[in-house]
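Following our numbering, the numbering of the sequence shown begins with -19 at its first residue and continues without gaps.
Every residue gets a Cβ at the ideal spot worked out from N, C-alpha and C, and that includes glycine.
Keep in mind that this is a model prediction, so the values were computed, not measured.
Encoded as structure tokens, the structure appears first; notes follow it.
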Amino acid sequence: MLQSAGQHCQALEHAKKALDLGYDDFRSRVLLGALLYQTKYFSEALEIYLNLEQEYPESAPVHNNLGNLYKDIGRYELSEFYYQKALNEEPDYVMAYSNIFFAKHYNPEVTQQEIIDFAKGWDKRFAKPALPAPVNRRDPAKPLRVGLISSGFRIHPVGQMIATALEHSRHDIHYYVYSTNDHDDYVTRKIREATRVWRPVRHLSQEALAHQIRDDNIDILIDLSGHGDGSCLQAISMRPAPICIKWVGGLVNTMGVDSIDYLFSDSIETPEGVDDQYTEKLIRLPDDYICYMPCPYAPSTTALPAVKNGYITLGCLNNPAKIGEKLLAEWAKLMHELPESRLLLRGAQYESGDFCQWIHDILAQQGIEEYRVILEGPTKHAEFLETYQRIDIALDSWPYSGGLTTCEAMLMGVPVVTLPGPTFAGRHSATHLINVGLPELVTSSWDEYRQRVLELANDLPNLAVIRAGLRTILYYSPVCDAPRFANHFNNALRAIWVRYCEGKAPEALTFNKEGEFWFEDDKQIIKLPEARSTDEAESEAFEWQFDGPITIIDNAAVLPRDPDYSKWMASGSLAVICFDPASLTNKRVEELQQFGELHHYPHALLGDGQPATLYATLDAEKGSTLKPLPEEQQPEYMRDKLKVLAELPINTVRLDDIEGLPSVDMLVLDDLHDAMKVLEHGHETLKNTLLIQAKVAFQSTHERQPNLAELQHWASRNGFRFYRLNNEQYRSHLSESIPEENQLGTELVYADAVFIRTFERVAVLSDEQKIKMAFLLHIVYGIKDMAYKILTEVAENISKGYLVAEGYVEAPGVGLIKDVATLIKAPNVHEYTKSYITVDISGPRDFLIN
């Protein structure tokens, strides 16, 4: 949990304890190695994984992690070798395939065509079946629901490149964020404030995420992870939205994924003539393809270090994985032309003594003395930025350029010299520099690269002027102009949506510097319709809204063992307090807690507050505090299962004695413990409860098992009414030799009795309690008619919105008419013509009715 929240140092301490205390050796060491990698202890991580490789030579996770380590220390061929081993061992290991894709961009020996071909191979191996075609309303002017998926909504290149753009977006763009981790910092909060809906989805499977996006009626889905951390490409491959776009976050090349329609770029990242290298249609924005948000704690710029030092300090703070042998050789040539110059490199990998020695050895072979090379390890971000106070000129990496680091260098007054690489990943610095107004720092050859650095180094007065003014120039450039960027970004979203509404296939979209834009297939300047920030359908769009979680007390770990548990918890609205007397879910607690808020109490039980006996039986699922009936009184099919192996003492707690519970919205009871004692000792707590579920055994198997009559009697005395039976289980009396599919069970054995508040007690609930009650009926039982009835007591527009959301009726004022003649002849045509009808007869035979 700490690891997923980004608290890697604290997580590392617990992982070490787990290993010391004898937890599973393999899993502990894999986790320990991963955390050492994340906390930048590369040498220790490498040692752990090399040892694991000897002991577990066919472990795909071990080989994948070795691939990560070798990639990050510039050993690209060895990295790909280990990734490929992982993929051979587990052919469906999607992460290993994605890692190979990334590693190819670091390796200067890999061609762009090889990368494109590899990218296109992902779909064949890992794409999931598409969902049914979306039914989003094709209204060109409606408010757009735009989904954003990433693990980078934080202090991260993604967060820092999108936050201000979202802040300045128009009101007709409604953002729905799907965050795949639990980080929370000032960037997270800034993005969250700019969004309409924020959904943590780390716990969801790819299929469940796709269904969630579809259920949210997302019009345009933007991927901000790609093949990187938190990748959701398999969910995207299911086409959960009508349009999908790739933007920042693992944006290094074409994705090669059929379900991604467009890719946000600019005319520098993707110059004219490269469209055939992309499976997506390119949206070329007029300036930079991102909007950089400078961090608020950036240290001040300082005087030029060369003036004090008497020599030039070159520096590169890019990810050290981008620094390979070929690049170091080019830098060595440059350093020979700048006698006594220094090269300062900083990054996580320089914590590794072996990696540092490798750097020194490569440069020594090129004649560069060790004292001229300064290698520094990781540090906090503010101190990391202070490193630029000791650098005169920044050198960009190749073939994978810097992105955020180039913006940060300019923020600190340090000019960056770049040679664009052959891929999208190789042109990040070029677009940032050109859009800041420094095109001369973008070179076309290694000779020009060295020449540009030498010109800067030999003109210290000019270099000092650049240093003094570059931060201001950056602030006022298009790279940081959030209102300008957001306007173009929003226009692009609206333009591709209008095109979709017209029934046209995706097409490249190009902007000029004046902000005019056109699709490449017709070259006509586009005039967008006036968009609405709200409309009737949008205002009545239904969403479950209530404060705080719905609290459920589960007395026997019933819910966590239900196959639909993860789906219920995916709503993010339920908090389950689980008493687990037989400790049935002990081994799955960590897994279950990933689905949502679960408080688990093993070997504990609700009751009358007195000690009880737990009867452990041959079938662990049948462990109970009710004594099994004598064998001769048990149903024949249960006798083996109910053999008592041990009798264990267990304490019970009265429900009314539990402190700190503001309310219990739902109570779940089973048939193996004394449900009546729980109810009789929970009068006060259950006064505000909305729903009770109690499992009933219609053929007794234990002493004092409550029957339906007893439960119903208690309910009627306490303001509840029996509503229905759920999860009925029947027994067949046919011969076991008859195939299972032909068995006919008619004798009711078990069922869950559902009790809800009486009509009179529902009427006095607050609106929020009514919505919670309707939500429970809807999400847990699929009881939609009663959910609707309760919502009608809250507000008519809410209940109508619920019917629309569930597909019982169409949204008011909007319909899709296939044939005008059919519409005119319809007996209820007057319902459509209360205001007016607009029909565009020049387009396809789908007509929007306003």
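If the criterion is Cβ atoms closer than 8 Å, does the pair residue i and residue j meet it?
i: R407; j: E249; result: yes
i: G589; j: A562; result: no
i: G304; j: G54; result: yes
i: E432; j: V396; result: With the sequence shown as reference, residue 432 is identified as Arg, and Glu is not the correct amino acid for it. No. Outside cutoff.
i: T168; j: Y155; result: no
i: I153; j: L128; result: no
i: N44; j: A83; result: no
i: P463; j: H148; result: yes
i: S296; j: A374; result: What sits at residue 296 in the sequence shown is Cys, not Ser. Contact: yes.
i: A472; j: L265; result: yes
i: A767; j: A785; result: no
i: L231; j: G206; result: yes
i: L745; j: I530; result: no
i: P400; j: A389; result: no
i: L204; j: V138; result: yes
i: D236; j: S130; result: It is worth fixing the name first, because residue 236 is Gly in this sequence and not Asp. No, Cβ-Cβ distance for G236 and S130 is not below 8 Å.
Residue i: buried (16+ other C-beta within 10 angstroms of its C-beta) or exposed?
i: G290; result: exposed
i: M(-19); result: exposed
i: I718; result: exposed
i: A(-9); result: buried
i: Q329; result: buried
i: Q192; result: buried
i: G483; result: exposed
i: D820; result: Residue placement at D820 cannot be trusted, given a pLDDT of 45 that sits under 50; the coordinates are not used to answer.
i: H758; result: buried
i: I80; result: buried
i: T593; result: exposed
i: K(-3); result: exposed
i: P37; result: exposed
i: F6; result: exposed
i: K51; result: buried
i: R697; result: exposed
i: N161; result: buried
i: E94; result: exposed
Among the options, which one has its Cα closest to the Cα of residue i?
i: L649; options: Q685, V232, T490; result: Q685
i: L325; options: E317, I223, L365; result: L365
i: E748; options: I129, V734, L771, E500; result: L771
i: I751; options: E727, G401, G528; result: G528
i: V228; options: R194, I263, I198, Q214; result: I263
i: D732; options: V774, V789, I672; result: I672
i: N298; options: Y258, E317, W378; result: W378
i: I557; options: L231, E708, L586, I96; result: L586
i: L578; options: A584, P591, F559, A592; result: F559
i: I292; options: R352, A(-2), P300; result: R352
i: S551; options: E523, G47, A536, I223; result: E523
i: A344; options: H43, K313, S159; result: K313
i: R711; options: E727, E720, Q723; result: E727
i: G787; options: Y166, R182, N197, A66; result: N197
i: Y761; options: V774, I225, F735; result: F735
i: Y158; options: E173, V177, V237; result: V177
i: I348; options: P358, E776, L508, M315; result: M315
Since residue i contacts residue j with CB under 8 Å, what's their CB separation in whole angstroms?
i: T738; j: F678; result: Rounded, the Cβ-Cβ distance is 25 Å, inconsistent with contact.
i: I171; j: L146; result: 6 Å
i: T665; j: L691; result: Wrong, their Cβ atoms sit about 17 Å apart, outside the cutoff.
i: I371; j: P285; result: 7 Å
i: L595; j: V569; result: Position check: residue 595 holds Tyr in this sequence, whereas Leu was assumed. That pair is no contact at about 23 Å.
i: K675; j: D651; result: 4 Å
i: C59; j: G333; result: The sequence given here has Ser at residue 59, not Cys. Contact doesn't hold; Cβ gap of about 20 Å is too wide.
i: L355; j: P274; result: About 27 Å separates the two Cβ atoms, so there is no contact after all.
Closer than 8 Å, CB to CB, is residue i near chain D or not?
i: D119; result: Among the chains in the structure shown there is no chain D, since it carries only a single protein chain.
Legend entry - Touching by the beta-carbon criterion (3+ pairs, under 8 Å), the region 702 to 716 and the region 622 to 638: no
Inset, instruction - Examine the Cβ distances between the region 363 to 378 and the region 275 to 282 and report whether three or more of them are shorter than 8 Å. - result: yes
Legend entry - Contact the region 407 to 425 vs the region 327 to 343: 3+ CB pairs below 8 Å: no
Legend entry - Three CB pairs or more closer than 8 Å across the region 533 to 550 and the region 558 to 572: yes
Inset, instruction - Count the C-beta pairs between the region 110 to 130 and the region 180 to 199 that are closer than 8 Å, then say yes if the count reaches three, no if not. - result: yes
Inset, instruction - Please determine if the region 203 to 219 and the region 242 to 258 are in contact, where contact requires at least 3 C-beta pairs separated by less than 8 Å. - result: no
Inset, instruction - Evaluate contact between the region 440 to 459 and the region 135 to 142, counting only Cβ atoms and requiring at least three cross-stretch pairs below 8 Å. - result: no
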